[in-house]
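Counting in this note's numbering, the sequence shown runs without a single skipped number right up to 408 at its last residue. Quick reminder that beta carbons are idealized off the backbone N, C-alpha and C, glycines included. Read through the structure below, which is laid out as structure tokens, and then see the notes.
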Amino acid sequence: MVKINPDRLLSDLRTLASFGKYKTGVHRPTYSADDMSARRWFAQRIEEAGLRAEIDGIGNVYGFNPTKSRLALAGSHLESQNHAGWLDGALGVVYALEAARAISEAPGNADAGLDVIAFADEEGHFGSFLGSRSFIGDLTEAEIDSAFNHSFGTSLRQALAEAGLAGRSRRVIDASRYRAFLEAHIEQGDILESSGMKIGIVTAIVAIWQYRIVVTGEQNHAGTTTMARRRDAGLALIRLLAAIDRRFPEVAGPRSVWTTGQIALSPGAKSIIPGQAEALFQFRDADADVLTRLENELTTVIREANSAGPCTVTLERISASRPAPMDANVQDVLESAAEQYAAGQHVRMPSGAGHDAQWLAPKLPTGMLFVPSIGGISHHWTENTSDEDIVLGAQVFADAAMRVLRA
2 MVKINPDRLL SDLRTLASFG KYKTGVHRPT YSADDMSARR WFAQRIEEAG LRAEIDGIGN
62 VYGFNPTKSR LALAGSHLES QNHAGWLDGA LGVVYALEAA RAISEAPGNA DAGLDVIAFA
122 DEEGHFGSFL GSRSFIGDLT EAEIDSAFNH SFGTSLRQAL AEAGLAGRSR RVIDASRYRA
182 FLEAHIEQGD ILESSGMKIG IVTAIVAIWQ YRIVVTGEQN HAGTTTMARR RDAGLALIRL
242 LAAIDRRFPE VAGPRSVWTT GQIALSPGAK SIIPGQAEAL FQFRDADADV LTRLENELTT
302 VIREANSAGP CTVTLERISA SRPAPMDANV QDVLESAAEQ YAAGQHVRMP SGAGHDAQWL
362 APKLPTGMLF VPSIGGISHH WTENTSDEDI VLGAQVFADA AMRVLRA
């Protein structure tokens with residue numbers, strides 16, 4: 002039997018929450034002083050657990066088991082969104098560490114062990130999943146050269162130097178070493194809580210397709226230009242977004258979501274009709290066919306808007322990731338462990354958010370476990386999960402990790 006230590010688990014989580022504490026959450030942006038202090042603390046905890054710890058050139062904290070022959074890898078990320086929650090990412094790295102300790106302490110276990118990793122910049126302060134992409138060999142030096150902090154404009158190279166990471170090599174995964182990769186996370190939604198479930202077994206991580214929509218009209222005087230002759234780019238953009246919102250439900254899947262995250266009007270003055278309007282728009286789903294349908298509908302709505310006038314609309318696809326299905330066998334293992342400790346209180350579900358696991362999935366059999374988020378809140382300092390649910394999830398996670406190693 003693998004048994005976690007609840008007091009040790011909760012103590013580690015609360016200590017981690019002291020780095021960058023903000024109200025009941027944390028403010029721990031990537032490579033900030035608080036983030037680097039948290040990484041050094043976590044490396045020390047890894048060493049105390051009998052693993053060899055290192056912080057590599059992108060800031061990933063890696064714990065290497067030097068003695069075991071049957072190994073899996075587990076982890077998540079350490080940094081936070083700005084003024085956000087104490088569990089997003091942190092829960093997964095502490096679960097990984099506690100599972101590694103519990104497995105090493107299990108009676109009669111001579112050969113099974115867990116390596117631990119805490120990735121850098123999953124939250125995207127400087128780029129897109131820099132730590133996990135670096136670990137799988139997908140991050141180039143050229144991309145590091147061009148990356149910058151989206152809040153302050155600091156270059157990634159400067160941030161790495163200030164964090165003491167310049168000149169360090171970046172560790173790349175040896176996939177032959179591992180049977181699987183496991184990640185745990187708070188759900189960041191309310192499906193588990195609203196349905197009375199305790200454990201979510203992730204079936205797939207959604208793809209995110211992102212676009213820039215630009216509407217061009219005619220900048221003019223707000224008082225002297227009649228309504229009949231106006232070519233108001235702002236009004237045209239709002240009408241276009243409303244049309245998308247009406248049409249998407251006709252082609253969407255049951256868990257499709259779409260968001261307009263930013264709108265900018267030019268010149269943005271109170272007495273000037275906007276001559277140009279821009280929106281950043283995205284949709285998400287775990288089904289490739291649904292994603293294609295949504296994109297086709299988006300282009301159709303924009304084509305119709307161009308035909309109707311009076312403004313012109315252009316669409317630019319900024320990025321389009323692929324859905325990342327989780328390994329079927331690992332899902333079964335997670336479900337078996339969940340049934341042992343939370344019988345009838347677990348459900349298979351897709352993840353509507355991106356996670357480091359989606360980048361490991363092409364390299365290793367990969368699985369994810371969710372625990373409930375109180376009120377479905379995340380990316381805010383009020384984010385929380387009950388101690389009871391945290392401890393239960395950690396026990397299921399550790400048990401599943403051992404089952405993977407024994408399979």
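- A Cβ-Cβ distance of about 14 Å is found for the pair F398 and E188, leaving them out of contact under the 8 Å criterion.
- For A237, the enclosing alpha helix (DSSP H) stretches over residues 234 to 248.
- Runs of the beta strand (DSSP E) lying entirely within the segment 345 to 399, each at least 3 residues long, are 347 to 352, 367 to 372 in chain order.
- In the pairwise beta carbon analysis, the segment 110 to 117 is classified as not touching the segment 15 to 28: fewer than three pairs are separated by under 8 Å.
- Looking at L241, R71, S374, L161, the one whose alpha-carbon comes closest to that of A280 is L241.
- The beta-bridge partner set that DSSP reports for P326 consists of A205.
- Between H347 and K199, the gap from beta carbon to beta carbon is short of 8 Å.
- Boundaries of the beta strand (DSSP E) harbouring R285: 277 to 286, taken from the DSSP string.
- The beta-carbon distance between D191 and G376, rounded to whole angstroms, is 7 Å. This is short enough to meet the 8 Å contact definition.
- Of A401, W382, V392, the smallest CA-CA separation from H84 is found for W382.
- DSSP lists E279 as the beta-bridge partner residues of A265.
- The alpha carbon of A289 has as its nearest neighbour, out of L316, R256, E305, the alpha carbon of R256.
- Looking at the backbone, the Cα of A91 and that of Y63 are separated by about 15 Å.
- Just measuring C-alpha positions, the residue of T31, D57, G269 sitting nearest S170 is D57.
- For the pair A278 and G224, the CB atoms are not nearer than the 8 Å cut-off.
- Under the Cβ criterion (8 Å, minimum of three pairs), the segment 98 to 109 does not count as touching the segment 141 to 154.
- Of all C-beta pairs linking the segment 298 to 313 to the segment 146 to 154, fewer than three are shorter than 8 Å, placing the two stretches out of contact.
- When the beta-carbon positions are compared, A205 and P324 come within less than 8 Å of each other.
- K69 counts as buried, since at least 16 other C-beta atoms from the protein chains shown sit within 10 angstroms of its C-beta.
- Taking a contact as a CB-CB distance under 8 Å, the pair A164 and G60 counts as one, their CB atoms being some 7 Å apart.
- Within a 10 Å sphere around the beta-carbon of T31 sit 16 or more other beta-carbons, which makes this residue buried.
- Bounds of the alpha helix (DSSP H) holding E144 are 142 to 147.
- Beta-bridge partners of N221 (DSSP): I274.
- By a beta-carbon distance limit of 8 Å, D36 contacts E80. Their separation comes to about 5 Å.
- Going by beta carbons, I214 and F282 fall inside the 8 Å limit.
- In this structure, DSSP gives L92 a helical state, which the three-state scheme calls helix.
- Per DSSP, the beta-bridge partners of K22 are V27.
- G254 and T227 have their C-alpha atoms some 43 Å from each other.
- When Cβ pairs closer than 8 Å are counted between the two stretches, the segment 42 to 50 is seen not to touch the segment 392 to 407, the count staying below three.
- By a beta-carbon distance limit of 8 Å, V207 does not contact I104. Their separation comes to about 31 Å.
- In this structure, DSSP gives Y342 a helical state, which the three-state scheme calls helix.
- With a contact defined as Cβ atoms closer than 8 Å, V302 and A395 miss out at about 46 Å.
- When C-alpha distances from S196 are compared across R349, S379, G51, the shortest belongs to R349.
- When C-alpha distances from R248 are compared across L299, L88, A362, the shortest belongs to L299.
- Straight through space, the alpha carbons of S129 and Y179 are spaced by roughly 25 Å.
- Within its own chain, the residues whose Cβ lies closer than 6 Å to the Cβ of E124, once the five positions on either side in sequence are excluded, are E80, Q82, listed in chain order.
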